[in-house]
Every structure is written in C-alpha cells, then in structure tokens.
Amino acid sequence: MKTLVIIIVLLLSIVVIPVYAVNGYPFANSDTNGVDPWGFYYRQCTSYAAWYFNAVEGASWYNTRPGSGSAWNWPVLAADQGYSVGSTPRAGAIASWDRGGLFGNYGYVAIVESVNIDGTINVSEYNWIPYSYSERNNVSTLGVRFIYSSVPEPSSFIVLGTLLTSLLAFRRRR
C-alpha cells in the first residue's frame with residue numbers, strides 16, 4: 645500500500661504540467677497612452693507579454709522596431725533578438741496570432757501557461773477583456789506562432805515513461 649501511495653504521488657507530480665500563472669503585471673492602473681520600458685503601450689497584450697517574458701521568463705525582450713510593435717509582427721521582433729519561433733506550443737512561450745478577423749489590424753499575443761493533452765493551450769493575457777488581465781483555457785493553436793525564451797524542457801511523457809520503467813524494474817528486483 646505504501647508503495648502504491650508513493651507511485652501515485654510521483655505520477656501526479658510529473659504528469660501535471662507546470663503553470664507559470666502570474667498576475668503581477670505592474671502597469672494595471674497606468675494610462676493606456678503611456679509606453680512601458682520595453683516600448684509597448686500599457687495595458688495592451690504586447691505590454692503584458694513583454695513584461696512577462698522579461699520579469700518571469702528572465703528573457704531580454706523589447707520593441708526593436710518602434711512603430712511596428714503590433715502583436716502580429718512579434719515573430720519578426722523575435723528574429724531581431726535571436727529567439728526561436730515555431731509552431732509547437734510550450735509553457736512559458738509567447739503565442740502570437742496574425743492580424744485579421746477577430747484580431748483586427750494588430751494581431752494578438754498571450755502567454756502559454758500550459759499545454760493540454762489535446763494540443764490546446766491555456767493562456768494568461770491582457771486586453772482580451774478590454775484593459776484587463778484574464779486567463780483562457782482550451783485555446784486552439786491553429787495558425788499560432790510561438791516564441792520561445794529558452795530550450796525546450798523534456799517532454800512529460802518521456803519523463804513519465806522513464807519513471808514507469810524504473811518502477812517496474814524496481815518491482816521486479818523485489
């Protein structure tokens with residue numbers, strides 16, 4: 645019984661994908677006409693994502709093209725700063741949606757908090773609800789580009805498989 649409890653605790657600690665939920669955005673009461681230290685307008689999705697990437701992820705992110713810092717252009721800003729851009733969601737990455745349709749002329753960015761087993765993502769964001777912080781779950785990744793702050797972490801499934809193999813080997817030795 646004790647072994648079963650240990651196995652369950654270990655599995656739960658590995659299967660749960662870490663969430664970097666942060667609602668410490670320091671410009672929540674700032675005038676929306678002002679510009680943050682990274683060159684983006686306060687209380688916009690871009691300002692929140694820049695703050696998060698710098699303050700939480702420890703990256704160095706700023707607007708390398710003043711006047712062209714709209715969310716749809718963030719993959720270009722990423723290239724300017726040496727960050728990788730791809731189509732695979734990863735916790736801590738910036739999700740960038742192109743302009744058009746629901747996202748108007750500016751596009752949209754949000755932070756990937758976690759990736760669900762079905763490939764959808766859970767995000768934290770600013771200005772999805774006008775000038776407010778919010779979180780959404782099960783967001784489709786269709787057409788989304790992801791900007792990564794660092795190298796990928798090992799897959800939870802690889803770690804889980806290694807743990808299960810080790811546990812089975814341990815059990816056989818007994």
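With our numbering applied, the sequence shown covers 645 to 818.
Backbone N, C-alpha and C fix where the C-beta goes; we use that ideal spot for every residue, glycine too.
### Query
Name the DSSP bridge partner or partners of I791?
For I791, which the question treats as bridged, DSSP gives the partners V729 and I738.
### Query
Where does S778 fall in DSSP's three states?
DSSP places S778 in strand when its eight states are reduced to three.
### Query
Roughly how many angstroms lie between the CA atoms of P681 and S674, to the nearest whole one?
Each residue's Cα considered, the two are about 13 Å apart.
### Message
Less than 8 Å between C-beta atoms, sequence neighbours within five positions excluded: which residues of the same chain meet that for P662?
### Response
The predicted position of P662 is uncertain, since its pLDDT is 32 and thus under 50; a value taken from the coordinates is nonetheless stated next. Counting only Cβ-Cβ distances below 8 Å, and skipping sequence neighbours, we find A735 and S758.
### Message
Quick check: what's the CA-CA separation for A739 versus N771?
### Response
Whole-angstrom Cα-Cα distance: 14 Å.
### Task
Count the other C-beta atoms from every protein chain shown that fall within 10 angstroms of the C-beta of L688, then say buried if there are 16 or more, exposed otherwise.
Looking at the sequence itself, residue 688 is Gln, so the reference to Leu does not match. By the C-beta density criterion, Q688 is buried, having at least 16 other C-beta atoms within 10 angstroms.
### Message
Based on DSSP bridge pairs, tell me the residues matched to S758.
### Response
In the DSSP output, where bridge partners are listed per residue, S758 has N766.
### Message
Mapping the DSSP letters down to three states, classify Y686 as helix, strand or coil.
### Response
DSSP, reduced to helix, strand and coil, places Y686 outside both helices and strands of the structure shown, so it counts as coil.
### Task
If I'm right that G751 touches T785 with Cβ under 8 Å, what's the distance once you round it to whole angstroms?
Going by Cβ atoms, the distance from G751 to T785 rounds to 15 Å, so no, they are not a contact pair.
### Task
Quick one: grab the DSSP three-state call for Y750.
If DSSP states are grouped into helix, strand and coil, Y750 belongs with coil.
### Task
Below 8 Å on the Cβ atoms is my guess for T690 versus F684; work out the distance and round it to an integer in Å.
Confirmed, about 4 Å.
### Message
So G711 and F790 are supposed to be a Cβ contact under 8 Å. How far apart are they, rounded?
### Response
Distance from G711 to F790 at the Cβ level is roughly 25 Å; contact not present, criterion being Cβ atoms closer than 8 Å.
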